[in-house]
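Trainee:
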Amino acid sequence: MTAGPSGARDEAWSANRLGPLLALVSGIDDERELGRAALERIVSEVDVEVAALIRDDDVELVLGSAGGSEQRTLLDVSSHEPAIIELQGIGACWAQAIPVGEDMGLRIVVARRGTEPLAAGEASLAQSMCMVVALGVRSLRLLAGERKLRARSEAQTDANARLLVALRERQQLLERLSHVQRAIVAGEPLHEVLEALSEVACELLDVEIAAVLIADPNDPGRARVNASVGIDSELLSSHDGIPIRDEIGVRAVPDDAKAWGIAAGMAAPVRERGEPAGTMVVGSPDAGREFGSRERDIVLALAEHASLALNHERAALEAAHEALHDALTGLPNRSLLLDRIDHAIRRAERSEQAVAVLFCDLDGFKTVNDSLGHSAGDELLVLVGKRIAEYVRPADTVARLGGDEFAVLVEEIGEPSDAARAARRILEALEAPFVVGGREVYVGASIGIATGTGSVEMLLRNADLAMYRAKSRGKSRYAVFEPEMHTAIVERLDLEVDLKRAIAHEELVLSYQPIYRLAPREIAGLEALVRWQHPTRGLVTPDRFVPLAEESGLVAELGRWVLRAACHQAALWHAKYPGYANLQVGVNISGVQLREPGLAADVADALAASGLDASSLTLEITETVLMEDSAAVVGRLEELKSLGVSLAVDDFGVGHSSLRYLKLFPIDNLKIDKAFIESLGGSDDDPALVRAMVDLAQIFGLRVVAEGIERSDQIAMLVELGCELGQGHYLSQPLDPPSADSLLLRSGLLGQDSGGLRGPEDGANSETRPHPTERSV
């Protein structure tokens with residue numbers, strides 16, 4: 119989703135692999151063997167096929183598949199720009215030369231298959247490894263010089279004393295650099311490592327002044343003194359930095375050196391990720407002091423160690439930042455937010471002021487994410503985070519908790535209305551559209567507010583509960599936490615546990631509401647409705663436990679139970695009453711079920727287990743569910759249709775009714791919502807809308823079922839309008855299985871006897887009138 123924090127991980131990853139390489143290099147005493155070990159390490163750690171060590175204009179060593187005939191190709195790779203080269207047995211390769219040291223005449227060429235360059239982390243690792251190789255080569259050359267001096271000392275007695283001094287100096291250098299390397303690997307603070315390097319410089323070069331300057335974060339083109347020896351503190355406090363230069367030698371000493379007391383000196387660049395990021399300066403107040411190749415080598419070695427320490431510290435800081443910040447938006451994450459809430463609560467307890475936490479959940483984000491793609495969703499989250507941060511106070515903390523959830527910590531709350539004002543500012547901030555992928559999109563937020571002190575988790579939990587209250591009241595609004603919200607959520611959790619037990623122990627039952635052919639009056643089918651008779655709570659209505667099942671992830675298990683039970687009961691009726699050959703049993707399918715990839719398999723398993731013919735099962739899906747994601751829904755409906763079941767649109771007319779989906783979806787029945795049936799025969803009777811729905815269904819070849827029939831005059835009107843089927847309390851209330859069995863028995867064992875049917879006014883139904891909201895799964 120983003121690139122910056124990934125680079126931080128790569129840098130931390132690179133730094134963690136330098137310690138083993140430093141240890142490996144320090145144990146090799148042959149420059150060629152060191153080169154081979156370095157190439158092997160680069161090939162194993164970096165995603166490349168070929169690595170070659172080039173000395174001046176000669177390929178000294180190659181690891182990988184490149185043959186001798188292609189060494190010219192490797193020599194031609196410039197140290198300034200990457201290139202695409204052709205290697206035998208590999209083909210086109212992306213290649214780059216990385217210098218080893220500043221003046222060694224060495225470079226390492228790496229090549230990888232294809233034309234894609236190395237990732238930032240791999241490139242940083244390769245550069246850092248070459249830097250370590252340079253340190254090793256420089257050390258070996260120093261040791262080689264020692265060996266030469268030792269050999270000459272055997273033949274030149276007069277030079278023995280000088281050679282011993284040089285040997286001790288170089289040994290001293292190696293010991294000091296080894297100590298610095300251990301400090302870098304141990305992760306000691308950058309300032310302390312650079313101070314140690316300054317002290318080593320003064321000791322080994324016998325100079326009075328040494329300093330390391332690092333780029334100013336607020337002015338990257340200028341470097342300021344980070345560590346020094348021998349420079350007056352007042353001069354340092356007034357120093358405004360020097361331009362960063364990529365030069366080595368006496369001419370690279372900055373002009374400010376005279377003010378520091380340097381009359382003669384030398385400087386070398388300090389690098390971060392291969393780019394100049396500072397300067398190492400050494401000097402003496404003696405204008406006659408000379409600096410030769412020996413001093414140059416020492417200053418370069420110290421500057422390279424300063425570079426290694428700088429890169430190591432940057433990688434560690436970025437890794438720490440990544441651990442406490444959201445990778446996508448760069449905002450504080452949950453861990454950092456909780457820490458800041460804890461500190462804010464402690465301060466509030468001392469100052470007797472409250473703090474507030476605003477828990478924000480975006481409204482409408484899923485629609486954008488699903489319709490425009492996850493990249494657009496990520497872009498929207500970044501824009502939302504920035505806009506929220508613009509509309510709160512600078513001292514407030516805006517954090518992303520994950521998904522489309524944000525939180526705001528508001529400190530120094532004088533009264534609860536201060537938090538409410540902050541919530542209103544956020545809601546106002548989100549009113550304007552966002553431009554995502556060249557398109558304008560809108561999102562709102564449901565915000566929960568919790569104020570006070572106490573524990574961190576409690577404050578965040580209370581804000582979360584208040585957010586759900588705001589969302590339940592219509593979204594794009596805020597709600598303030600009240601204690602009864604916690605009571606409600608505890609009760610909900612208890613109910614969820616009870617529901618799991620009820621499903622596992624089959625404590626649920628099904629009722630069946632008959633569906634009639636209106637003329638002549640015959641039973642055409644029954645709709646299965648789930649019931650839960652709780653052992654202590656009594657009857658728990660479906661409108662309470664079905665949404666709970668959807669939210670808690672139990673709806674798939676609940677749905678499988680309903681399917682199995684309904685199919686089993688329908689198969690028994692078909693076997694017992696052969697006169698009902700076309701009897702249909704309807705089972706409602708929730709939106710969550712429809713999105714489950716295993717729904718078709720669950721239906722097939724229920725049919726197979728019961729022996730019910732698929733043509734006797736009707737799956738009912740509400741209109742609003744069908745309209746959520748029509749492209750995905752079509753595929754799922756076609757899977758179900760391929761089983762041979764019938765499909766019905768439930769509650770037609772209450773959603774965004776569309777002719778398009780009536781043609782697009784493979785549906786068989788249209789169930790008109792009871793809200794349209796209630797008006798038939800009343801004072802505001804206007805059957806035109808129902809007539810249009812019936813005509814529309816007939817055009818598309820669909821059977822029409824009228825829901826919620828309460829009066830006999832509604833039946834007469836529906837028959838006149840051409841409606842074929844209906845259900846409602848006038849015809850029959852939902853029946854338990856024995857009562858439904860009795861109704862079917864009275865209608866005839868071998869065929870239906872419409873004369874035997876009675877309306878509710880003469881006692882045909884055995885159940886009392888149920889809860890007005892009938893839902894199944």
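Numbering (my numbering), first residue to last: 119 to 895.
All C-beta atoms, glycine included, are put in the ideal place defined by N, C-alpha and C.
Does V325 come out as helix, strand or coil in the three-state DSSP assignment?
Mentor: Of the three classes helix, strand and coil, the one that applies to V325 here is coil, per DSSP.
Trainee: Mark G339 as exposed unless 16 or more other C-beta atoms lie within 10 angstroms of its C-beta, in which case mark it buried.
Mentor: When all chains shown are included, G339 counts as exposed.
Trainee: Would a C-beta distance cut-off of 7 Å place V325 and V400 closer than the cut-off?
Mentor: In contact: V325 and V400 (Cβ atoms closer than 7 Å).
Trainee: Applying the 10 Å Cβ sphere with the 16-neighbour rule, what's the burial state of S850?
Mentor: Buried, because 16 or more other Cβ atoms sit within 10 Å of the Cβ of S850.
Trainee: Under the rule that 16 or more other beta-carbon atoms within 10 Å means buried, what is R265, buried or exposed?
Mentor: By the neighbour-count rule (16 or more Cβ atoms within 10 Å), R265 is not buried but exposed.
Trainee: Distance check for G153 and A170, CA to CA, integer angstroms please.
Mentor: Cα to Cα, A170 sits roughly 9 Å from G153.
Trainee: Do T569 and A472 have their C-beta atoms within less than 7 Å of each other?
Mentor: In contact: T569 and A472 (Cβ atoms closer than 7 Å).
Trainee: If you draw a straight line from the C-alpha of G164 to the C-alpha of L295, how long is it?
Mentor: Correcting the residue identity first, residue 164 is Val in this sequence and not Gly. Those two C-alpha atoms are separated by around 26 Å.
Trainee: Below 6 Å CB to CB, which residues in the same chain sit around V180 once its five sequence neighbours on both sides are set aside?
Mentor: A170, listed in sequence order.
Trainee: Go to E422, then tell me how far its alpha helix (DSSP H) extends in each direction, as first and last residue.
Mentor: Unbroken alpha helix (DSSP H) run through E422: S411 to L442.
Trainee: Is G339 helix, strand or coil by DSSP?
Mentor: In the structure shown, G339 sits in a strand (DSSP, three-state: E or B).
Trainee: Would DSSP call V330 helix, strand or coil?
Mentor: If DSSP states are grouped into helix, strand and coil, V330 belongs with the strands.
Trainee: State the DSSP-derived secondary structure class of G874, mapped to helix, strand or coil.
Mentor: Because the pLDDT at G874 is just 33, under 50, the model does not fix this residue reliably, and the value given afterwards should be weighed accordingly. In the structure shown, G874 sits in a helix (DSSP, three-state: H, G or I).
Trainee: Alpha carbon to alpha carbon, how far is R542 from I833?
Mentor: For R542 and I833, the distance between alpha carbons rounds to 51 Å.
Trainee: What number of angstroms, rounded off, separates the C-alpha of P335 from the C-alpha of R150?
Mentor: Their Cα atoms are separated by approximately 40 Å.
Trainee: Which same chain residues end up closer than 7 Å to W691 when comparing Cβ atoms and leaving out the 5 residues on each side of it in sequence?
Mentor: Cβ neighbours of W691 beyond the five flanking positions: Y698, L701 and L862.
Trainee: Using a 10 Å radius around the Cβ and a threshold of 16 neighbouring Cβ atoms, would you call T191 buried or exposed?
Mentor: Buried: at least 16 other Cβ atoms inside 10 Å.
Trainee: How is R557 classed by DSSP in three states: helix, strand or coil?
Mentor: Strand at R557.
Trainee: By a C-beta neighbour count over all protein chains shown, 10 Å radius and 16 as the cutoff for buried, is E440 buried or exposed?
Mentor: Burial call: buried.
Trainee: Within this structure, are the beta carbons of A588 and G572 separated by less than 7 Å?
Mentor: No, they are not a contact pair.
Trainee: Determine the closest residue to E158 out of V227, A421, R754 and V664, with distance taken between C-alpha atoms.
Mentor: If we check each option's Cα against that of E158, V227 comes out closest.
Trainee: If I'm right that L428 touches A474 with Cβ under 8 Å, what's the distance once you round it to whole angstroms?
Mentor: Their Cβ separation, rounded to whole angstroms, is 41 Å, which puts L428 and A474 out of contact at 8 Å.
Trainee: Counting Cβ pairs, one atom from each stretch, are 3 or more of them under 8 Å apart for the stretch 715–724 and the stretch 757–765?
Mentor: The stretch 715–724 is in contact with the stretch 757–765.
Trainee: Locate the beta strand (DSSP E) running through A395, then write down its first and last residues.
Mentor: E393 to S402 is the extent of the beta strand (DSSP E) around A395.
Trainee: Residue range of the beta strand (DSSP E) that F483 falls in?
Mentor: No beta strand (DSSP E) holds F483; the alpha helix (DSSP H) holding it covers F483 to L490.
Trainee: Flag this pair as yes or no: are the beta carbons of V812 and G771 separated by less than 7 Å?
Mentor: Against a cut-off of 7 Å, the Cβ pair of G771 and V812 comes out as no contact.
Trainee: Within a Cβ cutoff of 6 Å, which residues of the same chain sit near V627, ignoring the five residues on either side of it in sequence?
Mentor: Correct list, in chain order: R649.
Trainee: Which two residues bound the contiguous beta strand (DSSP E) that contains T736?
Mentor: Here the beta strand (DSSP E) through T736 covers L735 to T740.
Trainee: Per DSSP, what kind of secondary structure is N580 in: helix, strand or coil?
Mentor: N580: helix per DSSP, three-state reduction.
Trainee: Who does R821 pair with in a DSSP beta bridge?
Mentor: The partner list for R821 (beta bridge, DSSP) reads N787.
Trainee: If you measure between the beta carbons of D479 and S346, is that distance less than 7 Å?
Mentor: No, the Cβ-Cβ distance between D479 and S346 is not below 7 Å.
Trainee: Specify, as a first and last residue, the run of the alpha helix (DSSP H) that Q711 falls within.
Mentor: Note, Q711: alpha helix (DSSP H), G709 to R713.
Trainee: Could you tell me the alpha carbon to alpha carbon distance between L501 and F477, rounded to whole angstroms?
Mentor: Each residue's alpha carbon lies about 18 Å from the other.
Trainee: A314: which of M398, L243 and K376 sits nearest, CA to CA?
Mentor: Considering only alpha carbons, the answer is M398.
Trainee: Threshold first: 4 residues or longer. Then list the alpha helix (DSSP H) segments lying entirely within the stretch 648–684, N to C.
Mentor: Here the runs fully enclosed are 660–670.
Trainee: Between which two residues does the alpha helix (DSSP H) holding P138 run?
Mentor: Its alpha helix (DSSP H) spans residues L136 to S144.
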